[in-house]
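Asks: The sequence shown lines up with residues 387 to 604 when you count with the numbering used here.
All C-beta atoms in this analysis are idealised placements derived from N, C-alpha and C, irrespective of residue type, glycine included.
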Amino acid sequence: MRQRRPSWQISFFQQRRIASKLKHLILKNYVKEFAYHLATPYGAYYVDGFAGPGVYKAPGGTTEPGSPLLIADLAKQLRARSPGLILKCLNIENYSPHFRSLQEALAAYGPDIVEKNYSGAFSDALPEILGRIGKRPAFFFIDPFGAKGIAYISLLPIFKRMATTEVFITLHTDGIAKKAGYFPSADDPDHDRYELARQLTQILADALNIQWKRLRTW
Numbered sequence: 387m388r389q390r391r392p393s394w395q396i397s398f399f400q401q402r403r404i405a406s407k408l409k410h411l412i413l414k415n416y417v418k419e420f421a422y423h424l425a426t427p428y429g430a431y432y433v434d435g436f437a438g439p440g441v442y443k444a445p446g447g448t449t450e451p452g453s454p455l456l457i458a459d460l461a462k463q464l465r466a467r468s469p470g471l472i473l474k475c476l477n478i479e480n481y482s483p484h485f486r487s488l489q490e491a492l493a494a495y496g497p498d499i500v501e502k503n504y505s506g507a508f509s510d511a512l513p514e515i516l517g518r519i520g521k522r523p524a525f526f527f528i529d530p531f532g533a534k535g536i537a538y539i540s541l542l543p544i545f546k547r548m549a550t551t552e553v554f555i556t557l558h559t560d561g562i563a564k565k566a567g568y569f570p571s572a573d574d575p576d577h578d579r580y581e582l583a584r585q586l587t588q589i590l591a592d593a594l595n596i597q598w599k600r601l602r603t604w
């Protein structure tokens with residue numbers, strides 16, 4: 387089945403916006419501290435649940451690193467400074483064109499740094515990832531596109547890990563609020579407005595793993 391992605395999601399990776407730069411600055415420093423404290427002697431893992439294409443590519447040809455490339459480069463630098471400090475990366479991307487770009491962007495990093503890139507949905511790849519990392523410390527970066535990216539119930543296996551686990555989650559509160567704002571239109575006599583409201587509010591219900599009727603009463 388051909389994958390479709392809204393044009394705004396594709397254009398999002400043409401320029402790294404200030405919000406993304408700030409988020410990546412926090413992420414890089416957070417992972418650096420995590421690695422220094424927990425990536426020895428048996429290693430630790432960084433898991434990017436929504437890796438994207440790996441880089442931001444502007445129409446003019448200039449590029450900026452995305453989160454997978456930033457952390458892979460960090461892991462390489464840490465390994466060079468301290469050979470016993472082992473941080474391995476696992477990346478997941480569901481959109482095929484972005485996955486191909488991700489593979490290309492990370493090709494220079496061997497399996498000792500980027501152990502594997504997964505093509506598919508985060509929730510589908512998670513069981514294998516949890517088995518792969520075992521009881522090692524793990525840092526999960528969960529940064530989906532809006533409320534549709536992942537159902538919160540899919541995160542429970544991460545939170546139930548007995549091993550040391552850090553989770554950095556981006557909550558798109560504006561998107562959630564906008565979808566919730568469509569509830570009044572769910573009874574609209576106009577068919578188009580009704581369908582749009584039903585679709586958007588159902589996305590919100592699915593993300594929260596709650597029945598649509600129950601969510602609406604809130």
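Would you kindly work out how many angstroms separate the C-alpha atoms of GLY452 and TYR422, rounded to a whole number?
Replies: For this step, residue 452 is matched to residue 66 along the sequence shown. For this step, residue 422 is matched to residue 36 along the sequence shown. GLY452 and TYR422: Cα-Cα distance of roughly 22 Å.
Asks: Report the residue from SER540, LEU471, PRO497 whose alpha carbon sits nearest the alpha carbon of ILE555.
Replies: Working through the sequence shown from its first residue, we reach residue 555 at position 169. Taking only the C-alpha atoms, the option nearest ILE555 is SER540.
Asks: Using 8 Å as the threshold, is the region 405-425 in touch with the region 512-519, meaning 3 or more CB pairs across them?
Replies: no
Asks: Using the three-state DSSP reduction, which class does LYS521 fall into: helix, strand or coil?
Replies: As a working mapping, residue 521 is identified with position 135 in the sequence shown. Three-state result, LYS521: coil.
Asks: Looking at the unbroken beta strand (DSSP E) that takes in ALA537, where does it start and where does it end?
Replies: As a first step, residue 537 must be located in the sequence shown, where it is residue number 151. Run containing ALA537: none; DSSP gives neither H nor E here.
Asks: Tell me, which residues are paired with TYR381 by DSSP?
Replies: Coverage of the chain is limited to positions 387 through 604, which leaves residue 381 absent and any answer about it impossible.
Asks: Only counting the same chain, and skipping five residues up and downstream in sequence, which positions put a Cβ closer than 7 Å to that of HIS484?
Replies: One-based indexing of the sequence shown puts residue 484 at position 98. If we look at HIS484 and ignore the five residues flanking it on each side, its Cβ neighbours are GLY438, PRO439.
Asks: Do ASP510 and GLY435 have their C-beta atoms closer together than 9 Å?
Replies: Along the sequence shown, one-based indexing puts residue 510 at 124. Along the sequence shown, one-based indexing puts residue 435 at 49. No, the pair does not count as a contact, with Cβ atoms beyond the cut-off.
Asks: By the DSSP assignment, the alpha helix (DSSP H) with THR587 in it spans what residues?
Replies: Taking the first residue of the sequence shown as 1, we reach residue 587 at position 201. Element bounds for THR587: 577-594.
Asks: May I ask you to report which of helix, strand or coil DSSP gives LEU610?
Replies: In this structure the chain extends from 387 to 604, so residue 610 is not present and cannot be described.
Asks: Select from GLU479, TYR432, ILE472 the residue whose C-alpha is nearest the C-alpha of LEU456.
Replies: Residue mapping note: residue 456 aligns to position 70 of the sequence shown, counting from 1. It is TYR432.
Asks: What number of angstroms, rounded off, separates the C-alpha of THR426 from the C-alpha of LEU471?
Replies: The count along the sequence shown starts at 1 and reaches residue 426 at position 40. The count along the sequence shown starts at 1 and reaches residue 471 at position 85. The straight-line gap from Cα to Cα measures roughly 5 Å.
Asks: Cβ atoms of PRO543 and LEU488: under 9 Å apart, would you say?
Replies: To locate residue 488, count along the sequence shown from 1; it is residue 102. To locate residue 543, count along the sequence shown from 1; it is residue 157. Cβ distance not < 9 Å, so LEU488 and PRO543 don't count as in contact.
Asks: Is it buried or exposed, ASN477, if we count other Cβ atoms within 10 angstroms and call 16 or more buried?
Replies: Position 91 of the sequence shown holds residue 477. Around the CB of ASN477, 16 or more other CB atoms lie within 10 Å, so the residue is classed as buried.
Asks: Pick out whichever of ALA549, TYR442, ASN480, GLY496 has its Cα sitting closest to the Cα of ALA430.
Replies: The residue labelled residue 430 in the question sits at position 44 within the sequence shown. It is ALA549 whose Cα lies nearest to the Cα of ALA430.
Asks: Taking 9 Å as the threshold (C-beta atoms), are CYS475 and ALA458 in contact?
Replies: Position 72 of the sequence shown, counting from 1, holds the residue named residue 458. Position 89 of the sequence shown, counting from 1, holds the residue named residue 475. The answer is yes: Cβ separation under 9 Å.
Asks: Taking the alpha-carbon positions, what's the THR448 to TRP604 distance?
Replies: One-based indexing of the sequence shown puts residue 448 at position 62. One-based indexing of the sequence shown puts residue 604 at position 218. Straight-line Cα distance between these residues: approximately 46 Å.
Asks: Using DSSP with H/G/I as helix, E/B as strand and the rest coil, what is TYR432?
Replies: Your numbering for residue 432 matches position 46 in the sequence shown. Reduced to three states, the DSSP call for TYR432 is strand.
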